[in-house]
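Residue numbers (full-length UniProt numbering), protein chains in the order written: chain A, 1 to 483; chain B, 1 to 483.
Written as structure tokens, this is what we have:
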């Protein structure tokens, strides 16, 4: 065992490369990695490396070298080379994340797990073992012939990877009924900052649970054992539209109070609905203040239809208009609307700041109205959508960096975060904290707890080499800047 | 924030009280606590204190003082007094635990949470907020009028407390389908070794998850927010008997392969069945090598009965004889048999060593046979039962300390643990590690992971004051004793 608090820690933020060693004039880290792993697994060309500095939302520092590991041994080799060079290590999968978690805060080594795609299904145990680079949807595709699925369904599940999903503890529409990524992890393998390899199950001192959602700041997850479940036999879909969001939230509360447990409960505000309609022309209700999309599912058709009827009645009682999907094709079209929110918003402004707040469901109408008012006052386009069953809302600020100042965007994002906190909410439901929401952590987490999180970080990564600059705000520097 | 690796750590095991201060000749800690909390909340009389040295399976050291806190502020006061006195702190609920987790390894302060019984149900949010001393069953009793239940059902749920259940991450028969205690915890409050109070939800850096199952070694859980669910509308029960355990395990595997997800799958060997039959005379099949008890449940009666039929067919195909519970009363009687295993065993020998291994289900027949053979060779009575759906087996060694040597019992327990490890299993499914299985941790967890667990322990409890001597084997001393 080599990481321990006794080791000398690097000064936080001192992740710059050491002076170049002789004989490797350009990029000693890349040269060393190429020597030990072979050229096929290392990207050292600047134009290649620049592709690994961003995720789906944020730009970061261009890495000094990128390794495409094919197995855990490659990860160990690369991590040890980074340690020897004194540079930080950042892991990434498909980089479809929405919090900047995979965008390096400092130049260093990036490990891109996209070649680690080994996937085995064990139907008798209802488990799959997946390397970090396995695409999320592939797990269900491999399990389905055995009558099983892997439920977590982040919107990006056709491209995102299991490693990234675990790193961010990703959610998705199904998580209202079926739980988030971490609920489906039975064990995992990870590599620490020194290149030591750990194989964990979910036992006493749940280190695996600690790694899940830690965005690569405590270790690099290389493989995971995932729990599979039989899919529901039947699914029924409806769309309800409301004059305003308060009615929509009221409908959801009434529906849940009847005992119905819909599989999905998705909300879009008028700005979001219109953006999708401009993009796809699906016939969505453009003048509705709020649109609600609902799936009920289960193994008994009568119960599934009864649950849909309960939701439908709750929507009408709250003042909504309901449209049932009569066919699977119609249901698929309605869900395509929800899945197309991201590309639809990209047509309005080239960039967006995507928040991921979770508030008590009872506070939702007020929170949505306050955020709407903040957006209107700022002059920036703001759209809102999310998993309303959990109170998980995604206010998106759309902007063009050539037209709008990043200070104005950041200021508005901060005000939105404060609305969530004031209503008893938290900053991240499913996207992670990353760099995006890191500055708001001081307002979201009390100083005692924050210090405990730092203690845990130091226990597992004493030199601060793993994905520095994510989740936890710096201890000393910012403590004075934000008294 | 006051705990940090920079603090001076006590030498492990140095938990003896400081020299007596003047004016409190007998017991300075008890005197100080009585002064600060009032006499009603402190037990200092030796005969009272002796009642707090054991749990349901293990004797420990008599505490120097026992505090019965009524709220979190009392816990803070007591923990700070223990810190000032330089003695360890051990929390306990109903002390129905089966691993020695609540039995103090050293004399110190015991906090008995039985007076912290505040319980609130929030039906709209499907949540309950419970203080640590709330009895597990009370949560469901309070939630049921709102159409909700709290699923985790350890056998002791009529007496065990929420704090104890969280500390040990307790399971129960329902956990095959519904998950363990930790799966129902949305947040918790805990007090650390310095008396600082933390309020956690299940966010990035899942400290709450780390506390769950840590047996009070990282912090004292004072309150928790629990997730409630609607109960299934229908339940159906069957009992199957088999000539030997291999057939029983085969039946379970076949049943699961059909896609059936029984709510409970409980196994008892012949020795266990006969012990219960001697005790209750319920008409259980005394000559069966293995008995299987199964519940199927759900909201659709047809599906529930179809699942029972699938399990029944699987049992018959594997060579079993099946008896359906025709009425709720008959089902209740069958489950009473399972719940009465503990008192039934107490009639055979006054004490028992209860293991809690989990092995791959495919290995169960071989594991049960090897343990049977070890028991027969030892001459000690050994019975086996458990949650066969998860491969969670409870081999129990029954003994009378006046007749049987504790070395022989411990040696047999160790051999049984090694059988589990050799077949790819783990030492604890739901009872925790405690002191009971602590000596086997070196064989169950690799040194790299064990060192990481110690790093986490030191990060959260640098002075080693919280429930010392539990879960983690000592680092240096035993490293040499067991090379």
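Here a beta-carbon is modelled for each residue, glycine too, at the ideal position from N, C-alpha and C.
Given a cut-off of 8 angstroms on the beta-carbon distance, is the pair residue i and residue j in contact?
i, j, result
"residue 296 of chain B", "residue 263 of chain B", "yes"
"residue 453 of chain A", "residue 207 of chain B", "yes"
"residue 210 of chain A", "residue 209 of chain B", "yes"
"residue 136 of chain A", "residue 157 of chain A", "yes"
"residue 163 of chain A", "residue 97 of chain A", "no"
"residue 141 of chain A", "residue 129 of chain A", "no"
"residue 213 of chain B", "residue 202 of chain B", "no"
"residue 79 of chain A", "residue 195 of chain A", "yes"
"residue 65 of chain A", "residue 37 of chain A", "no"
"residue 159 of chain A", "residue 134 of chain A", "no"
"residue 151 of chain B", "residue 225 of chain B", "no"
"residue 273 of chain A", "residue 288 of chain A", "yes"
"residue 205 of chain B", "residue 301 of chain B", "no"
"residue 371 of chain A", "residue 292 of chain A", "no"
"residue 41 of chain B", "residue 67 of chain B", "yes"
"residue 459 of chain A", "residue 459 of chain B", "yes"
"residue 331 of chain B", "residue 337 of chain B", "no"
At what residues does the beta strand (DSSP E) containing residue i begin and finish?
i, result
"residue 295 of chain B", "290-298"
"residue 51 of chain A", "First-last for residue 51 of chain A: undefined, no H or E at that position."
"residue 221 of chain A", "220-227"
"residue 435 of chain B", "Per DSSP, residue 435 of chain B belongs to no beta strand (DSSP E) and is neither H nor E."
"residue 485 of chain B", "The displayed coordinates of chain B run from 1 to 483. Any statement about residue 485 of chain B would go beyond what the structure contains."
Among residues of its own chain, excluding the 5 on either side of residue i, which ones have a beta-carbon nearer than 7 angstroms to its beta-carbon?
i, result
"residue 153 of chain A", "172, 173, 174"
"residue 322 of chain A", "238, 240, 312, 315, 316"
"residue 22 of chain B", "Per-residue confidence for residue 22 of chain B stands at a pLDDT of 39, beneath the threshold of 50, marking its modelled position as unreliable; no derived number is given."
"residue 505 of chain B", "Since the displayed chain B opens at 1 and closes at 483, residue 505 of chain B lies outside it and no answer follows."
"residue 415 of chain A", "374"
"residue 184 of chain B", "150, 151, 152, 226, 227"
Quick check on the DSSP output: the alpha helix (DSSP H) that includes residue i runs from which residue to which?
i, result
"residue 177 of chain A", "175-178"
"residue 503 of chain B", "Past the boundaries of the shown model lies residue 503 of chain B; chain B is included only from 1 to 483, so the question cannot be answered."
"residue 414 of chain B", "406-422"
"residue 346 of chain A", "341-346"
"residue 274 of chain A", "270-280"
"residue 29 of chain B", "28-37"
"residue 106 of chain A", "Per DSSP, residue 106 of chain A belongs to no alpha helix (DSSP H) and is neither H nor E."
"residue 457 of chain A", "447-460"
"residue 397 of chain B", "Counting along the chain, residue 397 of chain B falls outside any alpha helix (DSSP H), though it belongs to the beta strand (DSSP E) covering 392-399."
"residue 240 of chain B", "No alpha helix (DSSP H) holds residue 240 of chain B; the beta strand (DSSP E) holding it covers 234-242."
Around the C-beta of residue i, are 16 or more other C-beta atoms found within 10 angstroms, so that it is buried, or is it exposed?
i, result
"residue 468 of chain B", "buried"
"residue 355 of chain A", "buried"
"residue 269 of chain B", "buried"
"residue 406 of chain A", "exposed"
"residue 327 of chain A", "exposed"
"residue 47 of chain A", "exposed"
"residue 396 of chain B", "buried"
"residue 254 of chain A", "buried"
"residue 25 of chain B", "Annotation note: pLDDT 49 at residue 25 of chain B (below 50); position unreliable, coordinate value reported separately. Exposed, since its Cβ has fewer than 16 Cβ neighbours within 10 Å."
"residue 58 of chain B", "buried"
"residue 350 of chain B", "exposed"
"residue 45 of chain A", "exposed"
"residue 259 of chain B", "exposed"
In its own chain, which residues sit with a C-beta less than 6 angstroms from the C-beta of residue i, not counting the 5 before and 5 after it?
i, result
"residue 90 of chain B", "104, 110, 467"
"residue 432 of chain B", "99, 101, 168, 215"
"residue 170 of chain A", "154, 181, 430"
"residue 294 of chain A", "238, 262, 265, 311"
Verify the contact flag: residue i, CB atom, against every heavy atom of the ligand SAH, threshold strictly below 7 angstroms.
i, result
"residue 373 of chain B", "With respect to the ligand SAH, the structure offers nothing, as it holds no ligand at all."
Beta-carbon within less than 8 angstroms of residue i's beta-carbon, same chain only, minus the 5 sequence neighbours each way: which residues are those?
i, result
"residue 189 of chain A", "72, 197, 198, 199, 200, 221, 222, 223, 224"
"residue 29 of chain B", "17, 64, 65, 81, 82, 85, 87, 109"
Residues within the region 62-80 of chain B neighbouring chain A, beta-carbon criterion of under 9 angstroms: Within the region 62-80 of chain B, no residue places its CB atom closer than 9 angstroms to a CB of chain A.
Residues from the region 291-307 of chain B in contact with chain A, defined by Cβ distance under 8 angstroms: Listed by position along the chain: 298, 299, 300, 302, 303.
Please list, in chain order, the residues of the region 217-240 of chain A that have any C-beta partner in chain B closer than 7 angstroms. From the region 217-240 of chain A, only 230 have a Cβ closer than 7 angstroms to chain B.
Under 9 angstroms (Cβ pairs) to chain A, residues found in the region 447-458 of chain B: So the close ones are 447, 448, 449, 450, 451, 452, 453, 454, 455, 456, 457, 458.
Could you list the residues in the region 249-260 of chain A with a C-beta less than 8 angstroms from some C-beta on chain B, going in chain order? Under the 8 angstroms Cβ criterion, the region 249-260 of chain A contributes 253, 256, 257, 259.
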